[in-house]
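As structure tokens, the structure follows; a few thoughts come after it.
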């Protein structure tokens, strides 16, 4: 009997121990489940927060992109297509020399004033040669840009009288007078100097160049001796261009201004490729030059800077004369573009947008930094 009671007690103790372990296991499982639930909730919240942050960043980015897009669209919508903008049309780069008694290479003061007035009345506005070459067309909408250049830096281009005043009939005075009369334009022009003492009044060289550069005008290179460049070799070209560039640069006091444009004497070019390259770039006696624009002598309006055939190293010019011009002088080309308006550059008024009729769009060059509007 005692044995039976002992066995029964042992069995009861065994089951009691199992129940306690089971309860502990249950508690552990419950705790584990609770921990996993908390962890899952935390992870879920983190994922949710990250997703919300990502969505917020994405929304902000989309808003920024939308804002940029809207600004571009606003600019495009500002362009008045009824003005028929055509920024693939031709641009006249006028070539003048002396200002005096009318002749093949001399324009009278009266005729120069008349040229400027005719151009203005017909919707032409001057721009700088730099802006033309760089495609920075700041001309108002519906207007046509043109460029003024003067070769040889004769005294009648820029002359002081004995009393120190500006000769009213020199080119610079006429340009300033015209800009004063028409407040919506600036007296843009480029003067190409050859030899020593630009504008031929000794002692005024630096003063005159400083005046030009502070009044929307440029000084540029026309070689030392104004020779025919055709037979010249690389060394001779380097001297003609480099020595003149070095001399003119020594007269420039405006910080950062470079002598980097060249007008070819007689429109001549050397025969060899090596010498031709020296027109653009070279080094003379420690002075390095690099011309980003090279101008020919004639004889027609040149391409838009956005045209695939535009070459800044071979820019055509129109002679600013009516004598011995073989039908291709300034008045001839003004009339031609009057009669053929589809060939004339018409600005859209937005320097960072190029507006082109669809029929001319195939001649657009690859333009990276501007919006293109075809219509």
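Residue numbers (mature numbering (1 follows the signal peptide of the UniProt record, and there is no 0)): -20 to -1, 1 to 355.
Backbone N, C-alpha and C define an ideal beta-carbon position, used for all residues, glycine too.
Practice item. Quick one: give me the first and last residue of the beta strand (DSSP E) that residue 125 is part of. Key: 124 to 131
Review point. The beta strand (DSSP E) with residue 190 in it runs from where to where?
Key: Looking at the DSSP string, residue 190 is not in any beta strand (DSSP E); the run it does join, the alpha helix (DSSP H), is 185 to 193.
Check your understanding: When we look at the beta-carbon of residue 67 and count the other beta-carbons within 10 Å, is it buried (16 or more) or exposed?
Key -> buried
Check your understanding: How would you write the range of the beta strand (DSSP E) that residue 351 sits in, first residue to last?
Key -> 351 to 354
**Study point:** Those runs of the beta strand (DSSP E) which lie wholly inside the region 250 to 316 and span at least 3 residues
**Key:** 261 to 264, 267 to 270, 273 to 275
Review point. Do residue 286 and residue 295 have their C-beta atoms within less than 9 Å of each other?
Key: Not a contact, by the Cβ cut-off of 9 Å.
Practice item. Assign residue 124 to one of two classes, buried (16 or more other C-beta atoms within 10 Å of its C-beta) or exposed (fewer than that). Key: buried
Point to revise | N- and C-terminal bounds of the beta strand (DSSP E) containing residue 223 | key: It is not in any beta strand (DSSP E) - residue 223 instead sits in the alpha helix (DSSP H) that spans 214 to 231.
**Study point:** Strand pairing of residue 198, partner residues [DSSP]
**Key:** 170
Check your understanding: Would the beta-carbon of residue 240 fall within 9 Å of that of residue 270?
Key -> Yes, the Cβ-Cβ distance between residue 240 and residue 270 is below 9 Å.
Point to revise | Contacts around residue 309, its chain only, beta-carbon distance under 6 Å, and the 5 residues preceding and following it disregarded | key: 299, 301, 302
Review point. Do you know offhand how far residue 311's Cα is from residue 79's?
Key: Roughly 17 Å separates the two Cα atoms.
Check your understanding: For the alpha helix (DSSP H) that residue 334 lies in, which residues bound it at each end?
Key -> Unbroken run through residue 334 is the beta strand (DSSP E), 333 to 336; no alpha helix (DSSP H).
Check your understanding: In terms of residue numbering, what span does the alpha helix (DSSP H) encompassing residue 204 cover?
Key -> It is not in any alpha helix (DSSP H) - residue 204 carries neither H nor E in the DSSP assignment.
Practice item. Spatial neighbours of residue 220 within its chain, please: CB distance less than 8 Å, with the 5 preceding and 5 following residues excluded, ordered by chain position. Key: 203, 204, 205, 207, 209, 212
Exercise for review: Excluding the 5 residues preceding and the 5 following residue 279 in the sequence, name in chain order all residues of the same chain whose CB lies nearer than 6 Å to its CB.
Suggested key: 308
Practice item. Please state whether DSSP places residue 73 in a helix, a strand or coil. Key: Strand, per DSSP.
Point to revise | Minimum Cβ-Cβ distance from residue 218 to chain B less than 9 Å | key: Going by chain labels, chain B is absent from the structure shown, which holds only one protein chain.
Check your understanding: Opposite residue 241 in the DSSP bridges: which residues?
Key -> Beta-bridge annotation (DSSP): residue 241 is paired with 273.
Practice item. Given a cut-off of 9 Å, decide if residue 63 and residue 115 are closer than it, judged by their beta-carbon atoms. Key: no
Check your understanding: How many angstroms separate the CA atom of residue 85 from the CA atom of residue 143?
Key -> 29 Å
Point to revise | Cα-Cα separation, residue 266 to residue 194 | key: Each residue's Cα considered, the two are about 28 Å apart.
Review point. Which term fits residue 105, buried or exposed, when burial requires 16 or more other beta carbons within 10 angstroms of its beta carbon?
Key: Buried, since its Cβ has 16 or more Cβ neighbours within 10 Å.
Exercise for review: Would you mind reading off the limits of the alpha helix (DSSP H) that contains residue 112?
Suggested key: 109 to 114
Point to revise | C-alpha distance - residue 188 paired with residue 337, whole-angstrom precision | key: One C-alpha to the other measures close to 43 Å.
Review point. Quick one, are the C-beta atoms of residue 274 and residue 223 less than 9 Å apart?
Key: no
Point to revise | The beta strand (DSSP E) enclosing residue 104, as first and last residue numbers | key: 104 to 106
Review point. What's the C-alpha gap between residue 137 and residue 305?
Key: Going by the C-alpha atoms only, they are around 21 Å apart.
Point to revise | Where residue 246 falls, given that 16 or more other Cβ within 10 Å makes a residue buried | key: So residue 246 counts as exposed.
Point to revise | Residue burial classification, residue 326 (beta-carbon count within 10 angstroms, cutoff 16) | key: buried
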